[in-house]
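Down below is the structure, laid out as structure tokens.
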Amino acid sequence: LSFLNREIRYSANRGYSWYPNPRHVDECVEDLGLSEAKPVAAPGVKDGGPALRESADLLDKEETARYMRCVGRLTYFSIDRYDIMFVVRLLASCLKTPTVLDQLRLKHLVKYLKGTSTWCLEFAFQDAPRAIIGYSDSDWAVCERTRRSVSSEVVMRGSHQICAWVSGQSVVALSSGEAEYYALLRAA
Numbered sequence: 087l088s089f090l091n092r093e094i095r096y097s098a099n100r101g102y103s104w105y106p107n108p109r110h111v112d113e114c115v116e117d118l119g120l121s122e123a124k125p126v127a128a129p130g131v132k133d134g135g136p137a138l139r140e141s142a143d144l145l146d147k148e149e150t151a152r153y154m155r156c157v158g159r160l161t162y163f164s165i166d167r168y169d170i171m172f173v174v175r176l177l178a179s180c181l182k183t184p185t186v187l188d189q190l191r192l193k194h195l196v197k198y199l200k201g202t203s204t205w206c207l208e209f210a211f212q213d214a215p216r217a218i219i220g221y222s223d224s225d226w227a228v229c230e231r232t233r234r235s236v237s238s239e240v241v242m243r244g245s246h247q248i249c250a251w252v253s254g255q256s257v258v259a260l261s262s263g264e265a266e267y268y269a270l271l272r273a274a
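Converting from the sequence shown to the working numbering requires adding 86 to each position, the first position being numbered 1.
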């Protein structure tokens, strides 16, 4: 079964599997010239070291257009992949004036997706759950300019992910505990 270019597979003894459209990843791999690149183990890196931190040069018009195309595709793809939502949000926040560092982060994410593009959401058969459970986390003061934190939440019904999101906090948290508290309130 296909729905919005996503594939839904049914297994009589397991349940359902929801596969995002891998075309978006394939087009990004082609756009960025990463067909020969090896996959990496994580979607992003927290700090790329001093050489990367100083990569503040802006991309030219052609590279900026390519960056925007890829981030747009990955924004759509991330709806079905919770593991990349944080990095895609970070990349999307730089759409106006992307830098060389942003492009390196994009390439790192695409290399990660190259190795995991066939991952899917599993909806295994289960007994009726008694509760809906929400999980939250935050990354304190992730934006160096505004010092705002980022919250992430996942809502589960039994072992099934119902929804997930990553969003910036509207207030500046003064501690990591306060940032976690704001993330918890949003998930509630």
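All C-beta atoms, glycine included, are put in the ideal place defined by N, C-alpha and C.
Through-space distance from residue j to residue i, alpha-carbon basis
i	j	result
residue 249	residue 143	37 Å
residue 186	residue 212	47 Å
residue 119	residue 197	11 Å
residue 176	residue 218	29 Å
residue 268	residue 226	11 Å
residue 155	residue 88	24 Å
residue 253	residue 204	25 Å
residue 102	residue 246	11 Å
residue 107	residue 90	9 Å
residue 263	residue 97	43 Å
residue 100	residue 271	35 Å
Beta-carbon proximity of residue i to residue j, cut-off 8 Å
i	j	result
residue 222	residue 238	yes
residue 207	residue 166	yes
residue 105	residue 122	no
residue 258	residue 231	no
residue 150	residue 184	yes
residue 173	residue 125	no
residue 220	residue 241	yes
residue 28	residue 179	With the chain covering 87 to 274 only, the question about residue 28 has no answer from this structure.
For residue i, the three-state DSSP class (helix, strand or coil)
i	result
residue 262	helix
residue 210	strand
residue 93	strand
residue 201	helix
residue 145	coil
residue 188	helix
residue 225	strand
residue 220	strand
residue 119	coil
residue 88	strand
residue 169	helix
For residue i: DSSP bridge partner residues
i	result
residue 247	242
residue 130	Residue 130 pairs with nothing; no bridge assigned.
residue 253	237
residue 105	93
**OP:** Assess, as a yes-or-no matter, whether the stretch 105-116 is touched by the stretch 192-208 under the definition of 3 or more beta carbon pairs within less than 8 Å.
**Re:** Touching, per the Cβ criterion.
Original post:
Can at least three beta-carbon pairs, one atom from the stretch 174-183 and one from the stretch 150-159, be found at a separation below 8 Å?
Top reply: Result yes; three or more Cβ-Cβ pairs closer than 8 Å.
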